[in-house]
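Trainee: For reference, the structure I am asking about is given below.
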Amino acid sequence: MAGAYATIANDGVYREPTFYTRIVASNGSIVLNSEAHKRKAFSETVAYVTKKLLVQPVEGQNGTATYCAIKGMEVAAKTGTTNEDFDRWLCGFTNYYTTVAWFGYDLSERIEYSGKNPAGEMWANVMQKVHTNLENSKFKEAKDVVSVEICKDSFMRAKSSCKNTYTEYFLSETEPGFCMKH
Ligand SMILES: [Zn+2]
Numbered sequence: 003m004a005g006a007y008a009t010i011a012n013d014g015v016y017r018e019p020t021f022y023t024r025i026v027a028s029n030g031s032i033v034l035n036s037e038a039h040k041r042k043a044f045s046e047t048v049a050y051v052t053k054k055l056l057v058q059p060v061e062g063q064n065g066t067a068t069y070c071a072i073k074g075m076e077v078a079a080k081t082g083t084t085n086e087d088f089d090r091w092l093c094g095f096t097n098y099y100t101t102v103a104w105f106g107y108d109l110s111e112r113i114e115y116s117g118k119n120p121a122g123e124m125w126a127n128v129m130q131k132v133h134t135n136l137e138n139s140k141f142k143e144a145k146d147v148v149s150v151e152i153c154k155d156s157f158m159r160a161k162s163s164c165k166n167t168y169t170e171y172f173l174s175e176t177e178p179g180f181c182m183k184h
């Protein structure tokens, strides 16, 4: 899961997850170097649109992960729940780190809790701490992405007569047509 989310954070480049980067002997010689296997999985443009989608759970009006916000950072995050409430997930990233938290039992059992998603709470605690003293950072805009005002009643491109609107990002030339309700 972390490998998948890191691919979005890395602008579409997938890097095979590894448990170590290198092993160094006490005399300084390198015993093992982890070879980084990587490949392009999707375009920078698709990555950017996906990032903007994933910012909504943190910054959106009805966000499910608003407690994952980090001061000065643009944060992408997605909560997850499986059938019967057996698993709780929080997957997300900034320009600095991708972190994935899972909460559950080895043998599936319903998770009972009150308040925040426990995976999300772990995620937020760790991520807020590791970002202390790092420079503010927002996701870099990609070319060929357009931001469009959308009408909440028709989910089409808003006209001046549409009152209830929000912003969405599209690959250029895939944006919807104008609202036909207003
Ligand atoms: Zn409208």
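Per the working numbering, the sequence shown runs over residues 3 to 184. Cβ coordinates follow ideal geometry from the N, Cα and C atoms, glycine included.
Shortest alpha-carbon distance to M3 belongs to which of S174, N35, K80 and K40?
Mentor: Among S174, N35, K80 and K40, the Cα nearest to that of M3 belongs to K80.
Trainee: Hey, would you say G117 sits closer than 7 Å to A67, going by beta carbons?
Mentor: No, the pair does not count as a contact, with Cβ atoms beyond the cut-off.
Trainee: Alpha carbon to alpha carbon, how far is D108 from T84?
Mentor: Roughly 14 Å separates the two Cα atoms.
Trainee: Assuming P19 contacts G5 (C-beta within less than 8 Å), just tell me the rounded distance between them.
Mentor: At roughly 5 Å, the Cβ-Cβ gap stays under 8 Å, so P19 and G5 are in contact.
Trainee: Quick one: what's E170 bridged to in DSSP?
Mentor: Paired residues: V150.
Trainee: CB-CB under 8 Å to T167, same chain, minus the five flanking residues each way: which ones, in chain order?
Mentor: Contacts found: E151, I152, C153, K154 and A160.
Trainee: Is it true that the CB of V57 sits closer than 7 Å to the CB of A43?
Mentor: No, these two residues do not count as a Cβ contact at 7 Å.
Trainee: Taking 6 Å as the limit, name every residue whose beta carbon sits nearer than that to some heavy atom of ligand 1, in sequence order.
Mentor: Cβ atoms closer than 6 Å to ligand 1 belong to C153, D155, S156, A160, C164, C181, K183 and H184.
Trainee: Between E175, L92, Y98 and Y99, which has its C-alpha nearest G106's C-alpha?
Mentor: For the residues E175, L92, Y98 and Y99, the minimum Cα distance to G106 belongs to L92.
Trainee: Could you check which residue in V48, G94, Y99 and R24 has the C-alpha nearest to that of V132?
Mentor: Taking only the C-alpha atoms, the option nearest V132 is Y99.
Trainee: Among R17, T47 and Y7, which has the Cα closest to the Cα of A38?
Mentor: For the residues R17, T47 and Y7, the minimum Cα distance to A38 belongs to R17.
Trainee: According to the Cβ coordinates, are F141 and E61 closer than 7 Å?
Mentor: Cβ atoms of F141 and E61: not closer than 7 Å.
Trainee: According to the neighbour-count rule (16 or more other Cβ atoms, all chains shown, within 10 Å of its Cβ), is F157 buried or exposed?
Mentor: With fewer than 16 other Cβ atoms within 10 Å, it is exposed.
Trainee: Taking only three categories from DSSP, how would you classify K80?
Mentor: Strand at K80.
Trainee: Is the distance from the Cβ of R112 to the Cβ of D87 below 7 Å?
Mentor: Going by C-beta atoms, R112 is nearer than 7 Å to D87.
Trainee: Going by Cα to Cα distance, which pick from K165, F172 and L173 is closest to C181?
Mentor: Of K165, F172 and L173, the residue nearest in Cα terms is K165.
Trainee: Go ahead and label V33 buried or exposed: buried means 16 or more other beta carbons lie within 10 angstroms of its beta carbon, across all protein chains shown.
Mentor: Exposed.
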